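Each residue of the sequence shown is one higher than the last, beginning at 271 in our numbering.
Each residue gets a CB set at the ideal place from its N, CA and C atoms; glycine is no exception.
These numbers were taken from a predicted model, which means no experiment stands behind them.
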Amino acid sequence: MLQPLKIYQSLLGAKGRKEHGLFLLEGPKTISDLLEGGYPFQEVFVDETQAEALKKQYPVIFLHSALRFLESKSIVKLSDTVTSQGIIAVASLPVPATFTHGTVLAFNGIQDPGNAGTLVRTAIAMGITQILFDEKSADPFSPKTLRSSSGNILKAQIQRTDNLESQLHSLKAKGFTLCALEASASQSIDEIKLPEPRVLIAGSEGRGIDPKITEMADVHVRINIQDVESLNVTIAAAIALYELAGKKK
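Dropping the structure here:
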């Protein structure tokens, strides 16, 4: 259903996304790849001045049933980048995921969209597609988070909770083992065997995991490092995910 561009412009903010249940995605390669995979975009907007060049490289985009050509000034209004790539897609926010098995990656206060998106992309590369965002973390469907994940967030099962403590209690009741990734932990993740179902909890860039969440954890692990004080949360969690990916059972 076609909507006024003013509504789509509001999707650049969290309030607009929540109100309308929609989000925006930019980038011809990302949109093209998702379309080829059958992702259900509601509409696709193309800058009329870039249409010819885009069609040669990404023909699948121009087969979309709800393709619309817009003036450059309209595309710019829907973009959050300095220089628009000339294509923006609109989609419905997905239904929140329900976790019952496997590995879940939980974000506790990972506020930087770049870190959040990169970490989701890394998790998916490791075969881990269940991601739990708390209310203090970046919005998974903000343009910056989507862009930093190269659209891979749309391949994941995402749940966002306003109460991470309560949600972790629920997962624990379902048999999930809670594993907190902490620099001060006494054991390294490569020293333990952590059977599924399990939750790997990664904390904020500056403060780490909330103390209340830390207390809930069944297992506390660190990444073995030498000659440096700490690792960026994205790097540390990526190493932990790699270890877990090799320990499916």
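In the three-state DSSP reduction, residue 494 falls in the coil class, being neither helix nor strand. Residue 442 is a Cβ neighbour of residue 448, given a cutoff of 8 angstroms. Contact between residue 404 and residue 369 does not hold, since the beta-carbon distance rounds to 14 angstroms and is not under 8 angstroms.
When beta bridges are read from the DSSP output, residue 317 appears opposite 340. Counting the other CB atoms within 10 Å of its CB gives residue 490 a total of 16 or more, which places it among the buried residues. No Cβ-Cβ contact shorter than 8 angstroms links residue 330 with residue 296.
Residue 394 places its beta carbon less than 8 angstroms from that of residue 426. Where residue 335 is concerned, there is no enclosing alpha helix (DSSP H), because DSSP gives it neither an H nor an E. About 32 angstroms separates the beta carbons of residue 409 and residue 323, which is beyond the 8 angstroms limit, so they are not a contact pair.
Beta-bridge partners assigned by DSSP to residue 468: 373, 447. Secondary structure of residue 399 (DSSP, three-state): coil.
Residue 503 is not a Cβ neighbour of residue 453, given a cutoff of 8 angstroms. A contact between stretches requires three or more CB pairs, one per stretch, nearer than 8 angstroms, and the stretch 352-363 meets this requirement with the stretch 285-292.
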